[in-house]
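A short worksheet on the structure shown next.
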Amino acid sequence: MEFGVNIFPTDTTMQPMELATRTEALGFESLWFPEHSHIPTDRTTPWGGREGAPPLPEQYWRTHDQFVALTAAAAVTTTLKLGTGITLVAQRDPIWLAKEVASLDMISNGRLLFGIGYGWNKEEMAHHGVQYAERRAAVREKVLAMKELWTKDEAAFAGDHVNFSSSWSWPKPITKPHPPVILGSSGGPKTFEHIIEFCDGWMPIAGRTPVLEQVTHLRRAAEDAGRDPATIELGVFQIRPEAQHIDPLIEAGFARALFGLPQGEAVEVAEHLEYLAEFVRPYR
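First residue of the sequence shown? That's 300 in the numbering used here, and the numbers climb one at a time after it.
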């Protein structure tokens, strides 16, 4: 199993270049940054779409631009993989996003892991002209459209959410046919349908999803659809650094686990990185 870390890169915590340098030096496989474009002050959607959730932490509206932060991380590292954890695809223009993904994959020499998600914040989506009920369908079309742009010299797409005529768009990703597309979402029939159709992996948040139970359903659904379950890479976000949580995932064939870093000052982040590096040492 590979281990990585994730954090909101903000103005109040360790900055991306120092964080990436430390993360790589300590032997972690990957560093992941999430994104939110903004948080409407009149938001009524509960955090994560979960009723009874606590107030939204301020890092959600203080976070840097995801791709700028990851590019900074790429510039000071050579082996560290760089993950979008996750990109809110429904809220983004797929033509621009395809170029950002391909550019970062080229600049990093093929180190990008493209984590995607459906999103949960209805008000944020609405400001981008996205209807919450349509977000899953929009993500599907936008990913399929981006794959056309990544893999064809002349690409076109026609759908309900994405339409463009035959076009040229470069660069193309170094990773062929494109960086791994990893869906970060809880389990369920629609999620599994999308993973099987257009994703390379699944990465739910530990604790919110009965992961070991759900992965059995995912594998069965893949077999029923004619896809080899072994072609779907498995990982988890926000796992606790405890053997009782890690070991069952390894036994179940999970390839990656991500630890959350504290949203504190740089010294606190550095100390926690050292602690996590010591924890994972026996697994290497």
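Every residue gets a Cβ at the ideal spot worked out from N, C-alpha and C, and that includes glycine.
- Start and end of the alpha helix (DSSP H) containing W449? Taking the sequence shown and counting its residues from 1, the one referred to as residue 449 is at position 150. That run of the alpha helix (DSSP H) goes 434-450.
- Message: Just to confirm the assignment, what range does the alpha helix (DSSP H) spanning K421 have?
- Response: The residue you call residue 421 lines up with position 122 of the sequence shown. Note, K421: alpha helix (DSSP H), 421-426.
- Query: Who are the near neighbours of I473 in its chain, counting only those whose CB is closer than 7 Å to its CB and skipping five residues on each side?
  - Reply: Start at 1 with the first residue of the sequence shown, and residue 473 comes out as number 174. These residues qualify, in order along the chain: D404, M405, N408, G409.
- Query: Got a sec? Which residues, its chain only, sit under 8 Å from D499 by beta carbon, not counting five neighbours each side?
  - Reply: Counted from its first residue, the sequence shown places residue 499 at position 200. If we look at D499 and ignore the five residues flanking it on each side, its Cβ neighbours are P479, V480, I481, T530, I531, E532.
- Task: Whole angstroms is fine: what's the gap from Q513's alpha carbon to G483's?
- Result: Mapped onto the sequence shown, residue 513 falls at position 214. Mapped onto the sequence shown, residue 483 falls at position 184. So the two alpha carbons sit approximately 14 Å from each other.
- Query: Can you list the beta strand (DSSP E) stretches of 3 or more residues lying completely in the segment 351-375, in chain order?
  - Reply: Within the segment 351-375, no complete beta strand (DSSP E) run reaches 3 residues.
- Task: Tell me whether R410 sits in a helix, a strand or coil according to DSSP, three-state version.
- Result: Reading the sequence shown from its first residue, position 111 is the one you call residue 410. Coil at R410, not helix or strand.
- Item | DSSP state of E492 mapped onto helix, strand, coil | Within the sequence shown, the letter at position 193 stands for residue 492. It is helical.
- Cα separation between W346 and T450? As a working note, residue 346 is residue 47 in the sequence shown. As a working note, residue 450 is residue 151 in the sequence shown. When only Cα atoms are considered, W346 and T450 end up about 36 Å apart.
- Query: Could you check where the alpha helix (DSSP H) with E323 kicks off and where it finishes?
  - Reply: The sequence position of residue 323 within the sequence shown is 24, counting from 1. It spans 315-324 - the alpha helix (DSSP H) in which E323 sits, taken as one unbroken run.
- Quick one, which of T343, W395, T312 has its alpha-carbon nearest H363's? Taking the first residue of the sequence shown as 1, we reach residue 363 at position 64. It is T312 whose Cα lies nearest to the Cα of H363.
- Query: So is K475 buried or exposed if we call it buried at 16+ other beta carbons inside 10 Å?
  - Reply: On the sequence shown, position 176 is the one that residue 475 refers to. Flag for K475 reads exposed.
- Query: From which residue to which residue does the alpha helix (DSSP H) around T515 run?
  - Reply: As a working mapping, residue 515 is identified with position 216 in the sequence shown. Here the alpha helix (DSSP H) through T515 covers 510-524.
- Message: For F302, report the span of its beta strand (DSSP E) as first-last.
- Response: The sequence position of residue 302 within the sequence shown is 3, counting from 1. In the DSSP assignment, F302 falls within the unbroken beta strand (DSSP E) covering 301-305.
- Output the boundary residues of the beta strand (DSSP E) element that contains L560. Walking along the sequence shown from the start, residue 560 turns up at place 261. From DSSP, L560 is part of no beta strand (DSSP E); its letter is neither H nor E.
- Looking only at C-alpha atoms, which of A505, P528, F413, W360 sits nearest to Q562? On the sequence shown, residue 562 is found 263 positions in, with the first residue counted as 1. Of the candidates A505, P528, F413, W360, W360 places its Cα closest to the Cα of Q562.
- Excluding the five sequence neighbours on either side, which residues of its own chain have a C-beta within less than 8 Å of the C-beta of L411, listed in chain order? Position 112 of the sequence shown, counting from 1, holds the residue named residue 411. Within the same chain, and ignoring the five residues on either side of L411 in sequence, the residues whose Cβ sits closer than 8 Å to its Cβ are L369, K380, L381, G382, T383, V400, L403, D404, P472, T474, P478.
- Apply the 10 Å Cβ neighbour rule to W331 and answer buried if 16 or more other Cβ atoms are within range, or exposed otherwise. Translated into positions along the sequence shown, residue 331 becomes position 32. Buried, since its Cβ has 16 or more Cβ neighbours within 10 Å.
- Just tell me which of F491, R321, E422, K446 has its CA closest to the CA of T377. The residue you call residue 377 lines up with position 78 of the sequence shown. Closest option to T377, Cα to Cα, is R321.
- Query: Is W501 buried or exposed, if buried means 16 or more other CB atoms sit within 10 Å of its CB?
  - Reply: Working through the sequence shown from its first residue, we reach residue 501 at position 202. With 16 or more Cβ atoms within 10 Å of its Cβ, W501 is classed as buried.
- L443 beta carbon less than 9 Å from that of F497: Position 198 of the sequence shown, counted from the start, is the residue given in the question as residue 497. Position 144 of the sequence shown, counted from the start, is the residue given in the question as residue 443. In this structure, L443 lies closer than 9 Å to F497 by Cβ.
- Straight-line gap, R424 to L517 (C-alpha atoms, nearest Å): The residue labelled residue 424 in the question sits at position 125 within the sequence shown. The residue labelled residue 517 in the question sits at position 218 within the sequence shown. Before going on, a small fix: residue 424 reads as Met here, not Arg. Answer to the nearest angstrom: the Cα atoms are 28 Å apart.
- Query: When the Cα of D527 is compared with those of I495, R349, A505, which residue comes out closest?
  - Reply: Your numbering for residue 527 matches position 228 in the sequence shown. For D527, the nearest C-alpha among the options comes from I495.
- Could you pull the start and end residues of the alpha helix (DSSP H) that L572 belongs to? Taking the first residue of the sequence shown as position 1, residue 572 is located at position 273. Counting along the chain, the unbroken alpha helix (DSSP H) around L572 starts and ends at 565-579.
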